[in-house]
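Those protein sequence lines, which keep their order, are chains B and A.
All residue numbers for the first sequence refer to the numbering used here, where the first residue is 1 and numbers rise by one.
All residue numbers for the second sequence refer to the numbering used here, where the first residue is 472 and numbers rise by one.
Note that the Cβ used here is the ideal one computed from N, Cα and C, for glycine as well.
Here the structure is laid out as structure tokens; the discussion comes afterwards.
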Amino acid sequence: MFNEMLSQSGTRPEYAQIERWIAEEGVEALMQRRAEAEALFRKVGITFAVYGEGGDPERLIPFDMIPRIFTGSEWDIVERGCIQRCKALNAFMADVYGPREILKAGIVPTELVDNNPAFEKAMIGLRPPKDVWAHICGVDIVRTGPEDFFVLEDNCRTPSGVSYMLETREVMTRMFPQLFLDGSVRPVDDYPELLADAMASVAPPMCDDTPTLAILTPGYFNSAYYEHSFLADRMGVELVEGQDLYVDDGRVWMRTIRGPERVDVIYRRIDDAFIDPAVFNPDSVLGVRGLMDVYRNGGVTIVNAPGTGVADDKATYVFVPDMIRFYLGEEPILKNVPTWRCSQPDDCAYVIDHLDELVVKEVHGSGGYGMLIGPKSTKAEQEIFAKKLMENPEGFIAQPTLALSTSPVLVDEGLAPRHVDLRPFVISGTETKLVPGGLTRVALREGSLVVNSSQGGGVKDTWVLKAGLGV
Amino acid sequence: MTMLSRTAEGLFWLGRYMERCDNLGRLVEAGRRFDLTGAQIDADTNEWGAILIAAGCSGTYPGEVKKATGEEALHHLILDPSNPSSVQACFAQARANARAQRGSITLDVWTAVNDAWSETRLFSERDCAPRNLPSTVDQIRQYTARFRGCVEGTMLRDERYQFLRLGQFVERADATARLVDVKYHVLMPEEHPVGSAMDQLHWNNLLIAAGARSAYRWVYRAPVQVRLVIDFLLLNRRNPRSLRHCFDNILAELGNLHSEGAYGGGSLADAINLRDELSGTEVDVVIGRGLHEYLTEMIVRSNNLAISIGSDFGFGPILTDETQAQSQ
Chain B
1 MFNEMLSQSG TRPEYAQIER WIAEEGVEAL MQRRAEAEAL FRKVGITFAV YGEGGDPERL
61 IPFDMIPRIF TGSEWDIVER GCIQRCKALN AFMADVYGPR EILKAGIVPT ELVDNNPAFE
121 KAMIGLRPPK DVWAHICGVD IVRTGPEDFF VLEDNCRTPS GVSYMLETRE VMTRMFPQLF
181 LDGSVRPVDD YPELLADAMA SVAPPMCDDT PTLAILTPGY FNSAYYEHSF LADRMGVELV
241 EGQDLYVDDG RVWMRTIRGP ERVDVIYRRI DDAFIDPAVF NPDSVLGVRG LMDVYRNGGV
301 TIVNAPGTGV ADDKATYVFV PDMIRFYLGE EPILKNVPTW RCSQPDDCAY VIDHLDELVV
361 KEVHGSGGYG MLIGPKSTKA EQEIFAKKLM ENPEGFIAQP TLALSTSPVL VDEGLAPRHV
421 DLRPFVISGT ETKLVPGGLT RVALREGSLV VNSSQGGGVK DTWVLKAGLG V
Chain A
472 MTMLSRTAEG LFWLGRYMER CDNLGRLVEA GRRFDLTGAQ IDADTNEWGA ILIAAGCSGT
532 YPGEVKKATG EEALHHLILD PSNPSSVQAC FAQARANARA QRGSITLDVW TAVNDAWSET
592 RLFSERDCAP RNLPSTVDQI RQYTARFRGC VEGTMLRDER YQFLRLGQFV ERADATARLV
652 DVKYHVLMPE EHPVGSAMDQ LHWNNLLIAA GARSAYRWVY RAPVQVRLVI DFLLLNRRNP
712 RSLRHCFDNI LAELGNLHSE GAYGGGSLAD AINLRDELSG TEVDVVIGRG LHEYLTEMIV
772 RSNNLAISIG SDFGFGPILT DETQAQSQ
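Here is the structure:
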């Protein structure tokens, strides 16, 4: 198991500063400052609602103060790998809603696309500005060794969590400014500007002046509402709900106290099914009637485009390395986790025989729900799961349990290793970029591999050191 | 950057709901004093029914309003989950609006509203019992006073402040009209005609509920007289709860907002009419027309003003928020 802080010969150089800092502050003093960190989070209002769990509807995601550190050269792999992957994913979306070359070439099975519930027929033949489909992509990455990075899944719809990346840094710089004074940690706080620039770069064809940007939220009951309002505030754009927008004369308008104002680029944080009741879910009050018509005619840009989910489910995931080869003519920089597709009879038989050692996931599931972690399951649970599998093999994939890397967290006794993953946020406009950092999620329970915040995971600040430091 | 109509609407309702809580506190206080007065003179009056009507609860009260006991009325006014205008419901509504418009209010204003909601939602029957009622009323009034103080002390004087104030004064005008109208609904037994000791006491209590007894004496230097009380609560421009004062302020805020442009101009015209009429009206004219009739007309007109404010600034139909988990 790869320990990101400690090697066999001692503390890795990139963590030397952290080790000195902990020694200077003392574990007990740091533990006491956790309350201060929590108060800061509460003050800015960063909370996370977990549906159906009762208790405090606005509770905090647990925050661990020990940063998770990448050296410049490690980050280089992550950065190049993510950019490569997102370029291929965007090319794939443009292809399956357009010429369908990858299907004709027999590289991705046609039925996998056509039978995918996330495939939006309304998008066939449509070309978003600059051919960018997933403007914001969250790539979930785990690590198993010094240079071994695996992609667990791609999030091409409306990935959340970027506010945690920005706020954990904000809290760390407020509480421990001394850690940042030497300038070795690369800043992440230009993310909102990068996103605004990318949105402006994909303004619709009808827009011939400075585009007006807006973020469309389902409203303050949504668990990610804090993030929506935070981003709108930091980007200096309006945070709108469906009821604020309407379509008239081929354009989209927002209702203001001074009358209608045109909106050109909409970063929507609501799911495809809700964005236009005239085209998708007719009962939705979250979206805007007629939005898709305006989009089709080049009067507005929707970020991310509808239908991007076709590229990010767990069955399509298997083909991403092939997409990279097909569209870019390159070898994948980031590896895929070996995956058995239960829709294939041979794979399914293997999975049923090896349930005790595999992780089985629902193809369209998310959030860590509805999965079986083989090594941690009982015989009875495996038998129930085997039945579910046989009834609906297309609904599942299986992967080996990876030896996830660990990062140190602060506990009463000092530092203890806990498993972590990473979600960097890749922004695609005219160019594809990411800020040096991301959301590090940590499984706070000893031995646990599940990092989802809905399942008791926490967050950490993620540091990328300047090139040459800590190598 | 201009302001979303929904933001304006949210702030307007935040102002209204907090003011409504304040007025509910005042009405409960008036009812409590009526109770004591009744006991003192040994008269069989039904003040609590009148209080429920003044609070706009005649439609939500489950029983026959005019037969409500103090206990039943207080339960409905403060706790009843089926009453959308109960103290608890109004604080919850205020807080929901504040939360939805969190980016448009200061931290001080937010915490004032949030604290009010989180404390008052713990109210139980115990807080409505006679021995605890005075402190319950005090608490309600303190939360709303803190809110007003934070708005005055920390909000920028821009459109956000103006919409908060509009909501506050529209609600207060309505509440003052209803408070004065309570007298009409208190079924006075024959033996206590206008001007009797009992009548006198009731007007006195109304002044107390409006928080205006000392101010009244300061202005008129006279004992409580029906004519003067009506003048003070409706027409006196220095009394911060009078109709006149409310419409002066509504007009001032609308003037500011309209000077920058709006969808329509109906609300400004309505507000000018109302203010001009109030400033030109003598108390004897009001009494001559019939106090209840006059107040009923005022309540209708201030409601119409609220509607024209909504259409001038693009307030939408009231939608219920759909709760959905939409994230990856």
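From residue i to residue j, what distance separates their C-alpha atoms?
i, j, result
"A:Ala686", "A:Thr647", "16 Å"
"B:Val451", "A:Arg619", "44 Å"
"B:Arg296", "A:Thr577", "41 Å"
"A:Gln795", "A:Arg684", "Any reading at A:Gln795 needs caution, since the residue's pLDDT is 34, under 50, leaving its predicted position unreliable; the model's value is listed next. A:Gln795 and A:Arg684: Cα-Cα distance of roughly 51 Å."
"B:Gln399", "B:Arg258", "56 Å"
"B:Arg34", "B:Gln455", "21 Å"
"B:Pro129", "B:Ala196", "15 Å"
"B:Trp463", "B:Glu28", "24 Å"
"B:Glu36", "B:Arg174", "11 Å"
"A:Asp652", "A:Asp747", "22 Å"
"A:Gly496", "A:Leu678", "14 Å"
"B:Met199", "B:Arg12", "39 Å"
"A:Ala565", "A:Cys621", "15 Å"
"B:Lys314", "B:Val363", "5 Å"
"B:Val426", "B:Tyr226", "20 Å"
"B:Phe480", "B:Pro218", "For residue 480 of chain B there is no data in the structure shown, the boundaries of chain B being 1 and 471."
Tell me whether the beta-carbon of residue i lies closer than 8 Å to the beta-carbon of residue j.
i, j, result
"A:Leu637", "A:Ile770", "no"
"B:Tyr350", "B:Ala91", "no"
"B:Val142", "B:Leu404", "yes"
"A:Arg715", "A:Asn707", "yes"
"A:Leu725", "A:Leu704", "no"
"B:Asp233", "A:Gly530", "no"
"B:Thr168", "B:Arg269", "no"
"A:Ile721", "A:Ala742", "yes"
"A:Arg487", "B:Tyr220", "no"
"B:Val252", "B:Val202", "no"
"A:Ile758", "A:Arg698", "yes"
"B:Ala118", "B:Met93", "no"
"B:Arg80", "B:Asp154", "no"
"B:Ile18", "B:Pro67", "yes"
Got a sec: is the Cβ-Cβ distance from residue i to anything in chain B below 8 Å?
i, result
"A:Met474", "yes"
"A:Glu490", "no"
"A:Phe562", "no"
"A:Arg573", "yes"
"A:Phe784", "yes"
"A:Glu630", "yes"
"A:Glu731", "yes"
Applying a beta-carbon distance threshold of less than 9 Å, which residues of chain B neighbour residue i?
i, result
"A:Gly787", "Gln243, Asp244, Arg255"
Any Cβ of chain A within less than 8 Å of the Cβ of residue i?
i, result
"B:Tyr220", "yes"
"B:Arg20", "no"
"B:Met229", "Per the sequence shown, the amino acid found at residue 229 of chain B is Ser instead of Met. Cβ-Cβ to chain A under 8 Å: yes for B:Ser229."
"B:Glu170", "no"
"B:Gly259", "yes"
"B:Glu193", "no"
"B:Val240", "yes"
"B:Asp233", "yes"
The beta strand (DSSP E) with residue i in it runs from where to where?
i, result
"A:Phe718", "That residue, A:Phe718, is in no beta strand (DSSP E); its alpha helix (DSSP H) goes 714 to 730."
"B:Phe149", "148 to 155"
"A:Glu768", "Not the beta strand (DSSP E): A:Glu768 falls in the alpha helix (DSSP H), residues 762 to 783."
"B:Arg255", "251 to 256"
"B:Arg68", "63 to 70"
"B:Gln399", "396 to 400"
Closer than 8 Å by beta-carbon distance: list the chain B residues that pair up with residue i, in chain order.
i, result
"A:Arg570", "Tyr220"
Could you please give the first and the last residue of the uninterrupted alpha helix (DSSP H) stretch that includes residue i?
i, result
"B:Lys104", "101 to 104"
"A:Trp581", "578 to 591"
"B:Ala248", "One detail in the question is off: residue 248 of chain B reads as Asp in this sequence, not Ala. No alpha helix (DSSP H) holds B:Asp248; the beta strand (DSSP E) holding it covers 245 to 248."
List the residues of chain B whose Cβ lies closer than 7 Å to the Cβ of residue i, in chain order.
i, result
"A:Tyr734", "Gly259"
"A:Ala479", "Ile257"
Are the C-beta of residue i and some C-beta of chain E separated by less than 8 Å?
i, result
"B:Leu181", "Considering every chain present, this structure includes no chain E. Its protein chains are B and A."
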